[in-house]
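So the structure is just underneath, and the comments pick up after that.
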Amino acid sequence: MADIKIEDIIKSENLVFKKTKLFTDKPLSYCPGCGHGVAHRLILEVIEEMGIESETIGVAPVGCSVLAYEFMNIDMAQAPHGRAPAMATGIKRVYPEKYVFTYQGDGDLAAIGTSETIHACNRGDNMTIIFINNGIYGMTGGQMAPTTLEGMVSSTTPFGRDIELMGHPIKMTELVAQLPGTCYVARHAVHTPAAVRKAKKAIRKAFEKQKEKKGLSFVEIVSNCNSGWKMTPVDSNKWMEEHMFPYYPLGEIKEI
Amino acid sequence: MGELRLMKGNEAIAEAFIREGVDAYYGYPITPQSEVMEYLTAERPEKRTGMVVLQAESELAAINMVYGAACTGKKVVTSSSSPGISLMQEGISYIAGSEVPCVLLNVVRGGPGLGDIQPAQSDYFQSVKGGGHGDYRQIVLAPSSVQDMYDHVALAFELAFKYRILVLIQSDGLIGQMMEKVEIGEQKKRLSDKEIKEKYDSWALTGRTPGREHNIVTSLELDQAKQEQFNIHLQNKYAEIAEKEVLYEEMEVEDADYILVAYGSSSRICRKTVNLAREKGLKVGLLRPITLWPFPEKRIAELAKRVKGMLSVEMSAGQMVEDVKLAVNGKIKVEHFGRYGGMIHTPEEVLEALETKIIGG
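Taken in order, these protein sequences are the chains called A and B. Once you know that position 116 of the first sequence is 116 in the working numbering, the rest is easy, because the numbers rise by one and skip nothing. Once you know that position 232 of the second sequence is 488 in the working numbering, the rest is easy, because the numbers rise by one and skip nothing.
See below:
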């Protein structure tokens, strides 16, 4: 048998994937199987490919991604729960030439921060909101979120979400698409290679819109929460396709 | 001498924001301070200096817009009145916990709850003792005239950036609404983005400068031992401020037997009381704290060694009096006299309270 050395395999022509330099070397704190890591990577790859790492400021509020600044090697602020869009507005208005984005979960964006989100979208603040929707409060242990589906079990809806009691899951992305201030609205996922490619394209487009000064760009990423949903990663992705996607259909919703 | 104008306190401070070279004002309307944003929008500061003025959807949003812009090294300010300041407490605590500089104006009105729209000083506890969660302090300046409203803006920003701390200008509906002569200063230039990067690149979010680590502004530290160390750092900073930045003004204290302690609008009334008392042969002086925090406790302790009594005069049910008592530490008699809920005392009422509660009491 031929003696194969590692140097013979690791050659630049064989390289098919590498970590973006905009990831720090800190191990991600997310549960294995969760979509957050991929979503982080896509944002950082887009920033690297656009060459705007020294022109970008990110804001991540309370939620699973509250420590996003540990992993993203760009200037970042941590926001109070729900307030990331207001902070980002504050930043963007004094630095209109910088790229500003928020990275918010569903509890943050669609419950406690609904007002800040709607008004930032309505003003057409020239920034990007990345919205991770996994239908649950992940960080605090799997409580019901505003996006929790009807009948879906969570730690505060142990018998399933009762619509009569708790109302319907809210479709924030369709809602903000109605507002004249938004210039680009899309919903994607990151559970398959094909979905990842589409999501990355959408994130790239969202950042490009800031350059064009067209208004607020908004990308929802429907994600699993295998820990909160108490499923294996594979099962949670299957469940997401079967239950989340029919209610939160993927695709491009609005572009100006 | 600079240009003289006749202005409301709220207008004077708005003009001072522009002339100080402030980069952004984010606010939400509330009586009795709505003239601040009305004046700013009418003045077109975006044309005068490039200053941003944005009306937010709530005080919650306004303070977080301030927080965001403050993270970037820009000079940023908001204004509100009591119920609005209550709503801002979450953001104020985050600002303290992440050590970013900014300036707030509270034109205090009567409370609690929606209360009324008349002048009051009942937010002293909230401002000085910490209205939000956690062990934090903020510098509190108490203007007593329209000129102070103007002048305190430059002082507030100097302190805010020197210590990377929130500075609150604590006014009230009287000083906000009344008109007085005010001397206007020169227009200062706003710092350019390049100047901000040069000055504050060690902490400000301006986009990661090639060659440096990314800057992070956060109030989160999950390791409790590190969080304790951070709190010790904050306490050391507060101790330095308490040592160096105390400001107060005195009137006729040299030979005084009795001292009135009053700030802001109350101190104006007490000036008249001092004159009335002196006419009656009573040796009364006035100590006016200009910084409510840090409080002039050393000076009050010194005076307590040689005067017979002190009366804390406030448009509240008795808040600052606790700090006067702490400083006096039982050495002499200290009492409170207040009108509140939007009512203002007369100089005669104050003199009567001094005579019955302190001199005759």
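Even glycine gets a Cβ: it sits at the ideal position worked out from N, Cα and C.
What residue range is occupied by the uninterrupted alpha helix (DSSP H) comprising residue i?
{"i": "B:D428", "result": "That residue, B:D428, is in no alpha helix (DSSP H); its beta strand (DSSP E) goes 422 to 428."}
{"i": "B:V606", "result": "603 to 609"}
{"i": "B:Q485", "result": "480 to 500"}
Give me the Cα-Cα distance between residue i and residue j, rounded to the nearest whole angstrom.
{"i": "A:G107", "j": "A:T147", "result": "8 Å"}
{"i": "A:K230", "j": "A:M244", "result": "16 Å"}
{"i": "B:M321", "j": "A:M139", "result": "25 Å"}
{"i": "A:R197", "j": "B:T287", "result": "52 Å"}
{"i": "B:I328", "j": "A:I91", "result": "The residue asked about is misnamed: residue 328 of chain B is Thr in this sequence, not Ile. If I take the Cα positions, the gap works out to 7 Å."}
{"i": "B:H389", "j": "A:C183", "result": "38 Å"}
{"i": "A:A258", "j": "A:V176", "result": "Residue coverage of chain A in this structure runs from 1 to 256, which leaves residue 258 of chain A outside it and unanswerable."}
{"i": "B:A512", "j": "B:K539", "result": "5 Å"}
{"i": "A:I256", "j": "B:G467", "result": "37 Å"}
{"i": "A:H188", "j": "A:V222", "result": "6 Å"}
{"i": "A:N133", "j": "A:G228", "result": "13 Å"}
{"i": "B:A518", "j": "B:R527", "result": "10 Å"}
{"i": "B:S337", "j": "B:L343", "result": "10 Å"}
{"i": "B:Q382", "j": "B:D404", "result": "22 Å"}
{"i": "A:P180", "j": "B:E414", "result": "41 Å"}
{"i": "B:G441", "j": "B:K264", "result": "16 Å"}
{"i": "B:E315", "j": "A:V16", "result": "50 Å"}
{"i": "A:F101", "j": "A:I57", "result": "7 Å"}
{"i": "B:P357", "j": "B:D457", "result": "14 Å"}
Comparing the C-beta of residue i with each C-beta of chain A, is any distance below 8 Å?
{"i": "B:S314", "result": "yes"}
{"i": "B:S475", "result": "yes"}
{"i": "B:Y519", "result": "no"}
{"i": "B:Y323", "result": "yes"}
{"i": "B:R464", "result": "yes"}
{"i": "B:V308", "result": "yes"}
{"i": "B:I373", "result": "no"}
{"i": "B:N487", "result": "no"}
{"i": "B:L461", "result": "yes"}
{"i": "B:Y350", "result": "yes"}
{"i": "B:I472", "result": "yes"}
{"i": "B:G387", "result": "no"}
{"i": "B:A317", "result": "yes"}
Given that residue i touches chain C, what residues does it touch there, using C-beta distances under 8 Å?
{"i": "B:D279", "result": "The structure shown contains no chain C; its protein chains are A and B."}
Which two residues bound the contiguous beta strand (DSSP E) that contains residue i?
{"i": "A:C34", "result": "Looking at the DSSP string, A:C34 is not in any beta strand (DSSP E), and its letter there is neither H nor E."}
{"i": "A:M231", "result": "Element bounds for A:M231: n/a, residue is neither H nor E."}
{"i": "A:D273", "result": "Since the first residue of chain A shown is 1 and the last is 256, residue 273 of chain A is not available in this structure."}
{"i": "A:F218", "result": "216 to 222"}
{"i": "A:N122", "result": "Not the beta strand (DSSP E): A:N122 falls in the alpha helix (DSSP H), residues 114 to 123."}
{"i": "B:H408", "result": "No beta strand (DSSP E) contains B:H408, which is instead part of the alpha helix (DSSP H) from 402 to 419."}
{"i": "B:M566", "result": "565 to 570"}
Quick one, are the C-beta atoms of residue i and residue j less than 8 Å apart?
{"i": "A:Y247", "j": "A:L149", "result": "yes"}
{"i": "B:H470", "j": "A:N73", "result": "yes"}
{"i": "A:I88", "j": "B:G324", "result": "Here residue 88 of chain A is Ala; the residue named in the question, Ile, does not match the sequence. It is a contact, given that the beta carbons lie within the stated cut-off."}
{"i": "B:L559", "j": "B:Y504", "result": "no"}
{"i": "A:P85", "j": "A:T117", "result": "yes"}
{"i": "A:E55", "j": "A:Y99", "result": "yes"}
{"i": "B:A618", "j": "B:M571", "result": "No statement about residue 618 of chain B is possible, as the shown extent of chain B runs from 257 to 617 and does not include it."}
{"i": "B:S378", "j": "B:G366", "result": "yes"}
{"i": "B:I431", "j": "B:S521", "result": "yes"}
For residue i, count neighbouring Cβ atoms within 10 angstroms of its own Cβ and tell me buried if that reaches 16, exposed if not.
{"i": "A:T232", "result": "exposed"}
{"i": "B:R562", "result": "exposed"}
{"i": "A:N126", "result": "buried"}
{"i": "B:K621", "result": "Absent from the structure is residue 621 of chain B, since the part of chain B shown begins at 257 and ends at 617."}
{"i": "B:G353", "result": "buried"}
{"i": "A:K26", "result": "exposed"}
{"i": "B:A272", "result": "buried"}
{"i": "A:L42", "result": "buried"}
{"i": "B:G347", "result": "buried"}
Of all the CB atoms in chain B, is at least one closer than 8 Å to the CB of residue i?
{"i": "A:N73", "result": "yes"}
{"i": "A:G90", "result": "yes"}
{"i": "A:Q210", "result": "no"}
{"i": "A:S217", "result": "no"}
{"i": "A:A195", "result": "no"}
Please indicate yes or no: does the CB of residue i lie closer than 7 Å to some heavy atom of the ligand FMN?
{"i": "B:V438", "result": "Ligands in the displayed structure: none, and consequently the ligand FMN is not present."}
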